[in-house]
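Engineer: Got a structure for you, questions after.
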Amino acid sequence: MGENVQDKIIRIIAEQAVLEPEDVTMTSTLEDLGIDSLGLVESIFAIEEAFDISVPFNANQPDESDFDISSVAAIVKAVEGLVAEQHGT
Amino acid sequence: MRRVVITGQGTINALGRDVPTTLDAFREGRCGIGPLDLRDVDRLSVKIGGQVKDYDPEALFNRQQIALYDRFTQFTLIAAHQALDGAGLNFSGDLAARTGVVLGTAGGGVNTWDENYRSVYEEGKNRVHPFVVPKLMNNAAASHVSMEWNLRGPSFSVATACASSNHAMGLAFQLIRGGGADVMVTGGSEAMLSFGGVKAWEGLRVMSKDACRPFSANRNGMVQGEGAAVFLFEEYEHARARGADILAEIVGFAMTSDAADIVMPSQQGAARAIIGALRDAKLNPDEVGYINAHGTGTAANDKVECAAVAHAFGAHADDLMISSTKSMHGHLIGGTGAVELLACIMALRDGVISPTIGYEEPDPECALDVVPNEAREAEVSAVLSNAFAFGGMNAVLALRAAP
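Chains as they are written, first to last, in the numbering used here: chain A, 1 to 89; chain B, 1001 to 1403.
So, in structure tokens, the structure goes:
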């Protein structure tokens, strides 16, 4: 394994933002990293594929989603929650 | 300048199998959106749509026809029969040569692609039916209409996603106005409600799982529909000379491109198309009483569209009515502008403005008269129909009451 949830998510987001993983910090917002709405939808897809989870997210209501995308740290926390919920670990 | 009028109309969609039933639904504010009935629906996360239910192609077409007609072609032919049968036109000689077909569809034979991919990939078959290509091609519907009625003039299909039908009808209008044809069969069709067709849309995360609520603050996305509407466009003197029943006049058309983003709409691109259609029609903004909105029910479209209308019309934006019938029939993608033109003609002819149903909460970013939930009686002499497609391609039609 080696790569934990945080590392995986940083790798996915860095790839989307065309940055090095070192340039993505836990406090970064997607906006800071230059990821637009289309990039966000693509990142969520990559996260779903990487963790084999389903992320509840409607682009029409990003603020009302249970999936918090306000920062990289928030995304990591949300994904950890979904992995635990959907894979029962 | 040659004038262009509408002398026939037909449709099949989630609200009804013909024009009178569809217009009744518009008047009643009836919703045609419901649970999808299609193979593997349990594997979809979006399970609703504006589907043509209890549809039995074998009751309408023979076996040879079904082998060649994808569902989108079937819908087209059903609507075209209504528009053309009883129009009193006999397509032979010069009239046949001066009549063409321009139809919009975004996906063409989506069900045919879907079924045959399933067959070769999932079921591992190494052979498909010989007519797969002529069945799925986007121009199949236009071709079959030309063959059915012997229409030998300019014919083609137009694919500009959600603006396909408006582009098709606008080009048909320009062909007649410019002298390239005297009569055009035009409109559009879509049959994308298959497992693959819905799954593709799910990916974008712009779909609602419960309802299409255009302009409402609690809107949460679009809902797909299916069906067709087909119209007979005719040069005015030609129609008058034969005493045709004129439903409305097409007076203007404009197309613009945002040249910006592949999915996000642009207020400027939409406003330029609206203003362009008004200019082409030589309409003063204050003559327009009703706009059939693109109104998809997504967060982005509805606020951008309202801002574009406010910009194009200035103070008059507060006096006109704008509604989205997608709340009732769903978004027919490449066929949507055609079905929505029915609401424009009804407004001009019958003085009934179709409502935006499912409207629950005002949105300050959509602060126009969206005719919430109930149809309204109002005399209007000129109307617009908006279509703003993915890819930033915008097409707006302007109509007046029959001369």
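No residue lacks a Cβ here, since even glycine has one placed at the ideal position from N, Cα and C.
1) Expressed to the nearest angstrom, what Euclidean distance is found between the alpha-carbon atoms of B/Leu1151 and B/Arg1376?
2) Does A/Gln61 come out as helix, strand or coil in the three-state DSSP assignment?
3) Leaving out five residues before and five after B/Phe1091 in sequence, what residues of the same chain have Cβ atoms less than 7 Å from its Cβ?
4) Let me see if you follow: with CB-CB separation under 7 Å, is A/Met1 close to chain B or not?
5) Is the number of C-beta pairs between the segment 1321-1339 of chain B and the segment 1037-1057 of chain B that are closer than 8 Å three or more?
6) Going by DSSP, name the residue or residues bridged to B/Gln1224.
7) Pull up the distance between the alpha-carbon of A/Gln6 and that of A/Leu82, whole angstroms please.
8) Which residues, taken in chain order from the segment 1287-1301 of chain B, show a beta carbon closer than 7 Å to some beta carbon of chain A?
9) Report buried or exposed for B/Arg1213, applying the criterion of at least 16 other Cβ atoms within 10 angstroms of its Cβ.
10) When the distance is taken between beta carbons, is B/Val1251 closer than 7 Å to B/Ala1401?
11) Flag this pair as touching only if the segment 1169-1189 of chain B and the segment 1028-1035 of chain B have three or more C-beta atom pairs under 8 Å; answer yes or no.
12) Alpha carbon to alpha carbon, what distance is there between B/Gln1065 and B/Ser1216?
13) Assuming contact is defined by CB atoms lying nearer than 7 Å, are B/Arg1071 and B/Ala1191 in contact in what I supplied?
14) Give me the chain B residues within the contact set of A/Ala59, using Cβ-Cβ distance strictly less than 9 Å, ordered along the chain.
15) Which parts of the segment 1002-1087 of chain B are runs of the alpha helix (DSSP H), unbroken and 4 residues or longer, counting only runs that do not cross its ends?
16) Does the beta carbon of A/Val76 come closer than 7 Å to any beta carbon on chain B?
17) With DSSP as the reference, identify every bridge partner of B/Ile1322, one or two as the case may be.
18) Is it right to say A/Gln86 is buried, meaning 16 or more other beta carbons lie within 10 angstroms of its own, or is it exposed?
19) Starting from B/Ile1250 and walking both ways along the beta strand (DSSP E), at which residues does that stretch end?
20) Just the C-alpha distance for A/Ala78 and A/Ala84, rounded to the nearest angstrom, thanks.
21) Compare the C-alpha of B/Leu1342 against each of B/Asp1210, B/Ser1385, B/Cys1366 and B/Arg1279 and name the closest.
22) Would you check if the distance between the CB atom of B/Ala1168 and the CB atom of B/Gly1104 is smaller than 7 Å?
23) Select from the segment 1322-1337 of chain B all residues with a C-beta closer than 7 Å to any C-beta belonging to chain A, and list them in chain order.
24) What does B/Val1263 touch in chain A if you count any residue whose Cβ is under 7 Å from its own?
25) Output yes if chain B places a C-beta closer than 7 Å to the C-beta of A/Val41; else output no.
26) Can we say the segment 27-34 of chain A touches the segment 45-55 of chain A, given the rule of at least three CB pairs closer than 8 Å?
27) Please list, in chain order, the chain B residues whose beta carbon lies closer than 8 Å to that of A/Phe45.
28) Count the other C-beta atoms from every protein chain shown that fall within 10 angstroms of the C-beta of B/Asp1280, then say buried if there are 16 or more, exposed otherwise.
29) Taking three-plus beta-carbon pairs below 8 Å as touching, is the segment 1137-1146 of chain B in contact with the segment 1316-1327 of chain B?
30) Starting from the Cα of B/Ala1433, find the closest Cα among B/Gly1093, B/Lys1326 and B/Ile1291 and give me that residue.
31) When the cut-off is 7 Å and only beta carbons count, does A/Gln6 lie next to chain B?
32) Using a Cβ-Cβ cut-off of 7 Å (strictly less than) and excluding sequence neighbours within five positions of A/Ser65, which residues of its own chain qualify?
33) Within 10 angstroms of the Cβ of B/Glu1235, are there 16 or more other Cβ atoms? Answer buried if so, exposed if not.
34) I need the straight-line Cα distance from B/Leu1486 to A/Ile12, nearest angstrom please.
Structural biologist: Concretely, from the data shown:
1) Looking at the two C-alpha atoms, the distance is approximately 39 Å.
2) A/Gln61: coil per DSSP, three-state reduction.
3) For B/Phe1091, same chain residues with a beta-carbon under 7 Å away, outside a window of 5 residues either side, are Thr1099, Trp1149, Asn1150 and Leu1151 in chain order.
4) Any reading at A/Met1 is ruled out, since the residue's pLDDT is 49, under 50, leaving its predicted position unreliable.
5) The segment 1321-1339 of chain B makes contact with the segment 1037-1057 of chain B; the number of CB pairs closer than 8 Å reaches 3 or more.
6) DSSP output for B/Gln1224 lists B/His1331 as bridge partner(s).
7) Distance between the alpha carbons of A/Gln6 and A/Leu82: 14 Å.
8) Listed by position along the chain: Thr1298 and Ala1299.
9) B/Arg1213 is buried by the Cβ-count criterion.
10) Cβ atoms of B/Ala1401 and B/Val1251: not closer than 7 Å.
11) No, the segment 1169-1189 of chain B does not touch the segment 1028-1035 of chain B.
12) Roughly 43 Å between the two C-alpha positions.
13) Yes, the pair counts as a contact, with Cβ atoms nearer than the cut-off.
14) Residues of chain B passing the Cβ test: Leu1204, Arg1205, Val1206, Gly1221, Thr1298, Ala1299 and Ala1300.
15) For the segment 1002-1087 of chain B, whole alpha helix (DSSP H) runs of length 4 or above, ordered along the chain, are 1019-1028, 1063-1068 and 1071-1084.
16) Proximity of A/Val76 to chain B, defined by a Cβ-Cβ separation below 7 Å, is not satisfied.
17) B/Ile1322 has B/Ile1291 as its beta-bridge partners, per DSSP.
18) Under this definition A/Gln86 is an exposed residue.
19) Start and end: Ala1248 to Ser1257.
20) Between the C-alpha atoms of A/Ala78 and A/Ala84 there is a straight-line separation of about 10 Å.
21) Nearest C-alpha to B/Leu1342: B/Ser1385.
22) It is a contact, given that the beta carbons lie within the stated cut-off.
23) Listed by position along the chain: nothing, the set is empty.
24) Contact of B/Val1263 with chain A by beta-carbon distance below 7 Å involves Leu38.
25) A/Val41 has a beta carbon lying within less than 7 Å of a beta carbon in chain B.
26) Touching, no.
27) Those within 8 Å of A/Phe45 in chain B are Gly1203.
28) B/Asp1280 counts as buried, since at least 16 other C-beta atoms from the protein chains shown sit within 10 angstroms of its C-beta.
29) No, because fewer than three Cβ pairs between the segment 1137-1146 of chain B and the segment 1316-1327 of chain B fall closer than 8 Å, the two stretches do not touch.
30) Lying before the first or after the last residue shown, residue 1433 of chain B is absent from chain B, which here runs from 1001 to 1403.
31) Not an interface residue.
32) Exclusion of the five residues before and after A/Ser65 leaves Pro56, Phe57 and Asn58 as the residues of its chain whose Cβ lies within less than 7 Å of its Cβ.
33) With 16 or more other Cβ atoms from the protein chains shown falling within 10 Å of its own Cβ, B/Glu1235 counts as buried.
34) This structure does not reach residue 1486 of chain B, given that chain B is present from 1001 up to 1403, and the question cannot be answered.
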